Amino acid sequence: MPRPRPLHAGLLLAPVLLTACGSLQATEPGKAPPAEVMPATVQPAQEPQAADLSARAIAAIETGDLELATGLLAELRFNEDLAKGQAALAAGEPEDALVAIDRALGVHPDSPAALAVKADGAMLLATRMIERGMGAQFVEGAYLDALDAYASLPRTPASCTGASGAAAMLGRTGVALEFAREGIELLDDEATPAERAPVQRAWAQAAYRAYTAQLTFERQDASGEEPTASDLGVPADVLFNEADDALNQLVAYQPEESWTWVTLGDLMLWAGYTGEASTRFLAGLDHLPSDRTLVERYQASLAGQGPEAVVDALAAASSRLPGSAPLALALGRERLRAAVPNHTADPAATYDVFVQAESELAAARGLDPALTSECLSWEVIARAGQAWCAYNDGDLDAAADIFLSMEDVFEGGMSWSLGTELRSGVDGLFFIGDQERQRGDWEAAARAFEALSAYQPGDSNWANNAGFFCRDAAVEHELIGGALCDLAAGRIDDEAKAAEILGLVRLNAAEATPELLMALADEHFASAHDLAERSYQAYLRAAELAPEDVRIINDTALISVYYLHTELARAEELLLEAIRMGEEQLADGTERDEETLFDLTEAYGDALQNLGVLRMMHQDDAAGAIPLFEKSVEVGPLPRPLLTEALLPWCRGEMAEPLERVMPEVHWGRPASERVQ
30 MPRPRPLHAG LLLAPVLLTA CGSLQATEPG KAPPAEVMPA TVQPAQEPQA
80 ADLSARAIAA IETGDLELAT GLLAELRFNE DLAKGQAALA AGEPEDALVA
130 IDRALGVHPD SPAALAVKAD GAMLLATRMI ERGMGAQFVE GAYLDALDAY
180 ASLPRTPASC TGASGAAAML GRTGVALEFA REGIELLDDE ATPAERAPVQ
230 RAWAQAAYRA YTAQLTFERQ DASGEEPTAS DLGVPADVLF NEADDALNQL
280 VAYQPEESWT WVTLGDLMLW AGYTGEASTR FLAGLDHLPS DRTLVERYQA
330 SLAGQGPEAV VDALAAASSR LPGSAPLALA LGRERLRAAV PNHTADPAAT
380 YDVFVQAESE LAAARGLDPA LTSECLSWEV IARAGQAWCA YNDGDLDAAA
430 DIFLSMEDVF EGGMSWSLGT ELRSGVDGLF FIGDQERQRG DWEAAARAFE
480 ALSAYQPGDS NWANNAGFFC RDAAVEHELI GGALCDLAAG RIDDEAKAAE
530 ILGLVRLNAA EATPELLMAL ADEHFASAHD LAERSYQAYL RAAELAPEDV
580 RIINDTALIS VYYLHTELAR AEELLLEAIR MGEEQLADGT ERDEETLFDL
630 TEAYGDALQN LGVLRMMHQD DAAGAIPLFE KSVEVGPLPR PLLTEALLPW
680 CRGEMAEPLE RVMPEVHWGR PASERVQ
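Numbering (the numbering used here), first residue to last: 30 to 706.
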């Protein structure tokens with residue numbers, strides 16, 4: 030008898046199906062499901078297909094055809110996962126694309142559309158893994174998946190190109206070349222340049238890699254080394270011809286592609302044809318004059334010709350391509366490098382070469398502001414080269430000016446160098462200061478060290494040296510001024526000595542009136558005072574930077590006591606501090622080498638002497654000076670004749686001379702009118 034139809038599994042699937050279908054409505058219920066769907070980017074074609082599948086699946090459920098309903102549902106899920114995979118890949122999300130596409134391949138393992146997403150997605154995933162620094166095993170796994178997927182696709186130029194790239198990344202050079210060759214064979218004669226270029230590139234890349242790998246194998250095998258590359262079974266010279274052919278074909282389709290020109294030249298370098306390599310790199314620059322890699326490769330191909338030949342070739346290329354900033358940079362840099370070894374042997378001629386190099390480097394950054402930082406880093410070296418040329422040519426004033434001008438290139442430029450080949454401007458100023466010291470030009474030496482101290486204000490040595498040489502220059506001016514006063518007052522009877530004094534101020538005896546001599550003396554006294562003040566300020570900076578250096582603390586006070594006759598209370602504090610530190614440091618048990626111990630002992634003795642001079646000369650306390658002088662003589666470490674033969678006897682009343690005869694420093698700061706009487 031009739032009875033109601035029982036509920037069966039098909040009806041239980043209906044809610045699942047409806048959920049999967051979403052809001053899609055069934056249309057044309059008799060249409061057969063398609064084997065594939067269009068790529069996800071072609072959205073209008075997919076919705077009717079999904080709606081059709083949905084309608085047919087519902088109809089199958091209603092009629093109880095579970096097998097058909099299940100198949101239709103799987104087909105629906107396949108289309109949905111394929112679309113998701115295509116969309117995720119287009120969005121640059123390979124992980125999401127592969128998750129979706131693996132589900133789709135579970136339904137249709139041989140689907141070309143799904144395999145294409147799998148292949149491209151795995152390649153992109155491998156690239157991302159490399160960027161993230163993931164382990165080699167993960168990257169290799171992704172490339173293996175890509176190669177397997179590409180190889181499972183129908184053979185087309187695109188699938189062969191993809192397979193070649195994946196195989197190359199896995200180091201399967203021979204496999205990569207085979208796929209690339211197949212891709213070329215499959216190219217339609219009517220293919221456009223845009224369609225042909227990637228296939229040609231894959232062939233060129235694979236052929237080039239195969240040649241270099243086989244050549245490496247053959248060279249290692251011939252030398253008895255353990256080969257690091259596999260034998261491809263094809264002689265390297267045969268592969269060379271194939272690579273050359275592939276690259277020359279590619280350049281016809283992509284003449285503005287840097288890689289092709291670079292690899293054309295590199296192929297020649299591998300084969301040892303350096304002249305042909307240069308020609309190809311230069312041909313590439315004709316198309317891509319701003320390509321830095323081509324410039325670098327071109328320069329590398331010239332290296333065996335020697336520095337001068339490299340400069341000449343770069344100059345010719347730069348003249349041929351005047352708008353090429355990388356060529357101008359390379360030319361200026363290499364001209365500079367070639368000049369460096371000559372800056373001591375032929376400084377005059379080399380100076381002009383450095384000037385030219387700096388000009389070329391400046392022109393390069395004018396052509397391409399992006400090169401500014403790199404160009405300036407070489408321009409400042411070119412400036413240093415000019416300064417060292419002036420130094421080696423004996424023009425110390427010009428050298429000092431040029432070293433200082435390194436700061437005009439950029440802040441901090443004076444500290445830049447080319448290692449030991451071309452030392453920094455800081456070293457240059459130090460060398461100048463030392464040269465001026467050896468020549469006895471204390472004022473020039475002082476200027477050099479003052480400049481160094483201003484440039485590196487945290488260096489106590491520069492400040493100390495500036496103070497030292499300013500003091501020596503001040504003393505020299507004071508002595509010249511005093512001698513002029515003696516000459517004006519008629520206190521010099523020796524004609525030779527008088528002529529020597531006049532020579533210092535470039536006067537002859539007929540010109541040397543007392544008035545002129547006194548005026549010149551006052552000019553020297555003014556210079557002496559200015560230099561003494563500069564010395565004091567420099568020593569103050571040095572004392573701040575080295576507060577435990579007995580020598581520096583003593584010398585700071587000495588300037589006030591002997592020369593400026595100002596800040597005497599502060600000078601007394603400094604000398605007492607120097608004496609205290611000297612006593613403590615000599616008694617602290619620290620092991621010091623002989624020279625260091627000598628210097629410390631001398632500085633301590635000097636501080637005792639100078640405090641005694643302060644008492645005697647400025648505080649009218651000769652009695653208070655005596656024990657300080659005696660202690661200074663006891664400390665030594667050298668004899669102190671000024672104390673034993675002059676100051677101690679004078680303080681004890683054993684000498685009748687006025688103080689200024691014993692201590693000429695009493696006159697410091699006084700004008701000529703007070704000294705000529």
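Cβ atoms here follow ideal geometry from the backbone N, Cα and C, with glycine treated the same way. Since the model is a prediction, treat every value here as computed from it, not as a measurement.
So the candidates are the options; which of them puts its Cα closest to the Cα of residue i?
i: M646; options: R609, M610, E683, W697; result: W697
i: A306; options: G333, H372, L176, D131; result: G333
i: Y172; options: G262, M198, F246, E606; result: M198
i: L569; options: N494, H137, G457, L317; result: N494
i: L533; options: L508, A480, I581; result: L508
i: S319; options: A281, T379, L268, R394; result: R394
i: R248; options: L365, D266, T401; result: D266
i: Q566; options: V504, A483, A196, L513; result: A483
i: Y420; options: P376, S444, A391; result: P376
i: D628; options: A518, L597, I581; result: I581
i: E601; options: A571, L643, K113; result: L643
i: Q234; options: R500, V280, R184; result: V280
i: D578; options: T542, H553, L615, E552; result: L615
i: A575; options: R599, F554, M610; result: M610
i: A517; options: E659, T542, H506, E505; result: T542
Please report the distance separating the alpha-carbon of residue i from that of residue j.
i: R230; j: G448; result: 43 Å
i: E387; j: R699; result: 51 Å
i: Q710; j: E389; result: With the chain running from 30 to 706 in the structure shown, residue 710 is simply not present.
i: Y591; j: A675; result: 16 Å
i: E689; j: E544; result: 24 Å
i: T322; j: T289; result: 12 Å
i: I588; j: A550; result: 21 Å
i: G313; j: S287; result: 7 Å
i: C24; j: F383; result: In this structure the chain extends from 30 to 706, so residue 24 is not present and cannot be described.
i: P693; j: E686; result: 12 Å
i: D273; j: G294; result: 10 Å
i: F498; j: L400; result: 43 Å
i: E573; j: F478; result: 17 Å
i: V438; j: N371; result: 23 Å
i: L672; j: E683; result: 13 Å
i: A143; j: G164; result: 27 Å
i: G361; j: Q385; result: 8 Å
i: E122; j: G114; result: 9 Å
i: L637; j: W471; result: 27 Å
i: V263; j: T202; result: 12 Å
i: F208; j: A378; result: 60 Å
i: R535; j: Q648; result: 40 Å
i: G441; j: V340; result: 29 Å
Spatial neighbours of residue i within its chain, please: CB distance less than 7 Å, with the 5 preceding and 5 following residues excluded, ordered by chain position.
i: A539; result: none
i: A12; result: In the structure displayed, the chain extends from 30 to 706; residue 12 sits before or after that span and is not available.
i: E285; result: H316, L317
By Cβ distance below 6 Å, which residues in the same chain neighbour residue i in space, the five residues on each side in sequence not counted?
i: L640; result: L604, L657
i: R132; result: D110
i: D174; result: A151
If I measure Cβ to Cβ from residue i and keep anything under 8 Å in the same chain, skipping five residues before and after, which residues do I get?
i: T48; result: In this prediction, T48 has a pLDDT of 35, which is less than 50 and means its spatial position is unreliable; nothing more can be read from the coordinates.
i: T241; result: W299
i: E612; result: Y633
i: M158; result: F167, V168, A171
i: N277; result: L293
Assuming residue i and residue j are in contact, meaning their beta carbons sit under 8 Å apart, how far apart are those beta carbons, in whole angstroms?
i: E271; j: A236; result: 5 Å
i: L206; j: P186; result: Going by Cβ atoms, the distance from L206 to P186 rounds to 15 Å, so no, they are not a contact pair.
i: D125; j: A117; result: 4 Å
i: L761; j: A480; result: A question about residue 761 goes unanswered here, because the residues of the chain that appear run from 30 up to 706.
i: S489; j: A555; result: Not confirmed; about 29 Å, so no contact.
i: A359; j: Q328; result: 6 Å
i: N583; j: D635; result: 5 Å
Less than 9 Å between CB atoms is the rule here; does residue i satisfy it with respect to chain D?
i: G496; result: Among the chains in the structure shown there is no chain D, since it carries only a single protein chain.
For residue i, is the beta carbon positioned less than 8 Å from some heavy atom of the ligand NAD?
i: P256; result: Because no ligand of any kind appears in the structure shown, any question about the ligand NAD cannot be addressed here.
### Task
Run through the segment 639–667 for me and flag every whole alpha helix (DSSP H) of 4 or more residues, listed as ranges in chain order.
651–664
### Message
Restricting to runs no shorter than 4 residues, where is the alpha helix (DSSP H) found entirely within the segment 170–215?
### Response
186–198, 202–215
### Message
Just to confirm the assignment: which complete alpha helix (DSSP H) runs, minimum length 4, are found wholly within the segment 672–703?
### Response
677–680, 688–691
### Task
Taking only runs that begin and end inside the segment 437–461, name each unbroken alpha helix (DSSP H) of 4 or more residues, in chain order.
none
### Whole alpha helix (DSSP H) elements within the segment 363–436, 4-residue minimum
376–396, 401–421
#### Entry: Unbroken stretches of the beta strand (DSSP E), 3 residues or longer, contained in the segment 208–267
none
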